[in-house]
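Using my numbering, the first residue of the sequence shown is number 7, and each one after it goes up by one. By construction, the Cβ of each residue, glycine as well, lies at the ideal position given by its N, Cα and C atoms.
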Amino acid sequence: MSEHPDDSAPRVPDEVPDEAIIIATARDIGLTVDRSCLPGVVTNRSLLRRYADLVHGFALPDTCEPAFEYRP
Numbered sequence: 007m008s009e010h011p012d013d014s015a016p017r018v019p020d021e022v023p024d025e026a027i028i029i030a031t032a033r034d035i036g037l038t039v040d041r042s043c044l045p046g047v048v049t050n051r052s053l054l055r056r057y058a059d060l061v062h063g064f065a066l067p068d069t070c071e072p073a074f075e076y077r078p
């Protein structure tokens, strides 16, 4: 059973600035983010969040067969 009753991804409150989230996450995993790089990291995080939301929002039926081989 999921921790989240609506089965959605956990969300960070909107009032927390992206910069603070990035710095805290980097610190938690032992990284430092140079202040001059922070705008680019914020932009990439925003882009990746949109992609993650798209993937998370795509419903697949339980009857969908797995793709064992990728064919473009």
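>> Which of the three DSSP states is assigned to T31 in this structure?
In response: helix
>> With a threshold of 8 Å between beta-carbons, can P72 be considered close to chain C, or not?
In response: Absent from the structure: chain C. Only one protein chain is present.
>> Measuring alpha carbon to alpha carbon, tell me which residue in Y57, Y76, I29 is nearest V47.
In response: I29
> Three-state secondary structure (DSSP) at V61?
Replying inline: helix
>> Is the separation between the beta-carbon of L132 and that of E75 shorter than 8 Å?
In response: A query on residue 132 cannot be resolved here, the shown segment of the chain reaching from 7 to 78 and no further.
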